[in-house]
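Following: one structure in structure tokens, then a few remarks.
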Amino acid sequence: MSAVTDDDAVEILLKCFWEDGYMIMPKVFAAEMITTVRAKIKADDESKTLDFVSIFKEVGSNTFDEFRKMTPLNRKAYKKLKDEATLLIKKFHMRWQPTEWVALESLSGGEEQDPHRAIPAVEIGKARKNFSDIQAGLIIGLTENTKLVLYPKCFAVADPRSRTEVLLGAGDCVIFRRDVIHSGAAFTELNYRVHCVLTIKGIKWGADATEFALPPAYKCELCPFMAPTKLQVSNHKRGCLRNPARAANRARDRELNEKGKFCCVCKKQFAKRNTYYKHFNRCHKPNLKEAISYNPQKMKLWQVNRKDVSLDFMTDCVVYCCTPSSCLW
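Start counting the sequence shown at 1; every next residue gets the next number (the UniProt record's numbering).
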């Protein structure tokens, strides 16, 4: 095992675990052992020695997903992998106890699971109150392109803007807080991986249960309209039937749209502002955000004036990342 031994690396990973909700460790298990375990699980699956059963796709539904299955790993053939994983786990937290080892199988053609938390709130409360700790989950990739959908920093609602697809190779592993919002990914080819629950020593483990994660909800202050993002509510409010300034807003939008807009990156004039904004969002906005990451002092300007970025700011971004090839026009 290519163990994580550096104390600084452990501290950095734990910081990611607590703040973002997960930490990734690449190639921490020997390729030979991973290949052996994968071949053994596949052979046991084909011989029906392992009894894979379907698990849920929609939280709370009585129907099961025929493309996503699991089975307990109780045989001695998998003891070496469990022992090495336990040694790795203890480097991060001595109170974590791995339990409920299972093999997960995903078939080609399935759909993504509902966003959910893998632990009831009452169990989270026990751990945080008594030990200031949190239960976790461990996934070890046995095949390449093992995926898990996570929502970093989302512990209450599933903000679609935070959706992140974590990609693991064979021998990689991810440890995630069981209260972070996550979901099983869809696969285009057969995938095997190992999962276990990390309980807290000293706390009796209660019944495992999955909680559905609701999307965020923001409400218009003028009417019952609700949406998952503040931007959608803001856009709605401008044209809300109960907004006294609705007519003025629509007139101003028409006037500005007719004036058109000039793209500072492509040096191209657009007859309609709507056309320019579509072009900007599709061709340049991702690159502008990347440029900001290299030039943090520009962040305030971007946040305050994101719809009408200045020429100087656009020019700076061109230097960093905007090239003719990035423009689709």
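Positions of the beta carbon are idealized from the N, C-alpha and C atoms, including for glycine. Predicted model, so just to flag it, every value in this text is computed and none were measured.
Lys69: member of the beta strand (DSSP E) spanning 65–72, first to last residue. A straight line joining the alpha-carbon of Ala217 with that of Thr164 spans about 20 Å. In the structure shown, the three-state DSSP call for Met94 is coil. If only complete runs of 4 or more residues are kept, the segment 193–260 shows the alpha helix (DSSP H) at 230–238, 246–259, in order along the chain. One thing to note: Gly141 has its Cβ no nearer than 7 Å to the Cβ of Ala31. Judged by pairs of C-beta atoms under 8 Å, the segment 224–232 does not touch the segment 126–142, as fewer than three such pairs exist. Under the DSSP assignment, Arg177 falls in the beta strand (DSSP E) whose first and last residues are 173–177. Note that the C-beta distance between Gln269 and Phe280 is not below 7 Å. Here the alpha carbon of Leu222 sits roughly 17 Å from the alpha carbon of Arg250. Residue pairing by DSSP places Tyr22 opposite Phe176 in a beta bridge.
Burial check for Lys267: the Cβ neighbour count within 10 Å stays below 16, so the residue is exposed.
With 16 or more neighbouring CB atoms inside 10 Å of its own CB, Val37 falls in the buried class.
Shown here for Val102: same chain residues with a beta carbon closer than 8 Å to its own, the five before and five after excluded, namely Met70, Thr71, Pro72, Leu73, Val194, His195, Cys196 in chain order.
Comparing alpha-carbon positions, the option among Ala118, Phe92, Thr86 lying closest to Leu13 turns out to be Phe92. When beta bridges are read from the DSSP output, Asn191 appears opposite Ser106. In this structure the segment 178–195 lies against the segment 151–164, because at least three pairs of beta carbons, one per stretch, are closer than 8 Å.
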